[in-house]
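Q: Residue numbers (my numbering), protein chains in the order written: chain A, 1 to 113; chain B, 1001 to 1113. We treat Cβ as the ideally placed atom computed from N, Cα and C, and that holds for glycine.
2 protein chains.
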Amino acid sequence: MADIHPEHAHIIEQTKANMPSEEILEKTAEVFKVFGDKTRIRILAALSEGEMCVCCLCDLLEMSQSAVSHQLSVLKSARLIKSRREGKQMYYSLDDAHIGAILCTGISHVEED
Amino acid sequence: MADIHPEHAHIIEQTKANMPSEEILEKTAEVFKVFGDKTRIRILAALSEGEMCVCCLCDLLEMSQSAVSHQLSVLKSARLIKSRREGKQMYYSLDDAHIGAILCTGISHVEED
DNA sequence: TGAACATATGAACAAACATTCATATGTTTT
DNA sequence: AAAACATATGAATGTTTGTTCATATGTTCA
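Here you go:
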């Protein structure tokens, strides 16, 4: 950490004052971290087309049931998806419209340029 | 991978057809991954208030110059920020308005509820 | 040119993480 | 109740990643 330049001090203070709290920023990073994995993004992209059971996701993603379940558990802990049981199967879906919106924002960013 | 249930086959096919390509999804995950770190989010939040030099960021974040520079380099490689030199100092800023928008989307998601 | 300053970068290390394998839990069907 | 099916989960493992330390690069000023 270098010494603070006096002429920069007020910029630093002002920026600090306008920024969201550390707690908000930390939680935001955690949310993005959950989006930041290929398998989880593929799951979210699939679920944004509608709810789907675990075995469908395994077939669609061509991944093992265990790997998919582990990531579903991560997504659910982060409240990005929710589940309901129907007989032997569990159906997963996006937790709310906001999740789809965040996903779309990221995808459009990639699609542009 | 379990056997595909015949009655699920068309759902899988249809979902697959509507989803973005694997390439897009992979790149999207990479973008979110860059957002998914507390230090980088704090840097982005600071820069969304305006451009800032490295030493200001170090003071603001109370982190070592090396740690900040390393993360600036990650952010720049991902084209989330850009830099310009002014004398001895490097000034960093968000690469475009889209980056601020993604950040805001994430922050609002956290701030709600 | 040399010293001081600002930033970048390579190597090393510890912590976090995604998948696999094996197995447990929960549900339906016979 | 037992077998079959669908999903969840713990432990182990290899990989990725963020920070630190040391040092290199680039710029200004005397």
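1) Determine the closest residue to A/Y91 out of A/G50, A/L25, A/F35, with distance taken between C-alpha atoms.
2) Check each residue of the stretch 1062-1091 of chain B: if its Cβ is closer than 8 Å to any Cβ of chain A, include it; give the result in chain order.
3) So with CB distances below 9 Å, who are the chain B contacts of A/D95?
4) Have a look at B/V1054 and B/S1069 and give me their C-alpha separation to the nearest angstrom.
5) From this set, A/D96, A/L57, A/I11, which residue's C-alpha is nearest B/I1011's C-alpha?
6) For chain A, is any of its Cβ atoms less than 8 Å away from the one on B/P1006?
7) Ends of the beta strand (DSSP E) at A/E86?
8) State the Cα-Cα distance for the pair B/P1006 and A/K82, rounded to the nearest angstrom.
9) Quick one: is the Cβ of A/L61 within less than 7 Å of any heavy atom of the ligand COA?
10) Check the C-beta distance from B/G1036 over to A/K33 and give it rounded, since I have them as a contact under 8 Å.
11) Going by the DSSP bridge assignment, what does B/M1052 pair with across the sheet?
12) Is A/S64 helix, strand or coil by DSSP?
13) Would you mind giving the Cβ-Cβ distance between B/K1016 and A/V110, rounded to the nearest angstrom? I have them listed as a contact below 8 Å.
14) May I ask you to list, following chain order, the residues of the stretch 12-43 of chain A that have a beta carbon less than 7 Å from some beta carbon of chain B?
A: Taking the structure as given:
1) Out of A/G50, A/L25, A/F35, A/G50 has the C-alpha closest to the C-alpha of A/Y91.
2) Going along the stretch 1062-1091 of chain B in chain order, one finds E1062, M1063, S1064, Q1065 with a Cβ nearer than 8 Å to chain A.
3) Neighbours of A/D95 on chain B: none; closest Cβ ~10 Å, over 9 Å.
4) Looking at the two C-alpha atoms, the distance is approximately 7 Å.
5) Considering only alpha carbons, the answer is A/L57.
6) No - not a single Cβ of chain A is within 8 Å of the one on B/P1006.
7) Per DSSP, A/E86 belongs to the beta strand (DSSP E) from 81-86.
8) Distance between the alpha carbons of B/P1006 and A/K82 is about 25 Å.
9) Among the components modelled here there is no ligand, and therefore nothing to report on the ligand COA.
10) About 3 Å separates the beta carbons of B/G1036 and A/K33, which is inside the 8 Å limit, making them a contact pair.
11) In the DSSP output, where bridge partners are listed per residue, B/M1052 has B/Y1092.
12) The answer is coil: DSSP assigns A/S64 none of H, G, I, E or B.
13) Going by Cβ atoms, the distance from B/K1016 to A/V110 rounds to 19 Å, so no, they are not a contact pair.
14) Residues of the stretch 12-43 of chain A with a C-beta atom less than 7 Å from some C-beta of chain B are I12, T15, K16, N18, M19, P20, I24, L25, E26, K27, T28, A29, V31, F32, K33, F35, G36, D37, K38, I41, R42, listed in chain order.
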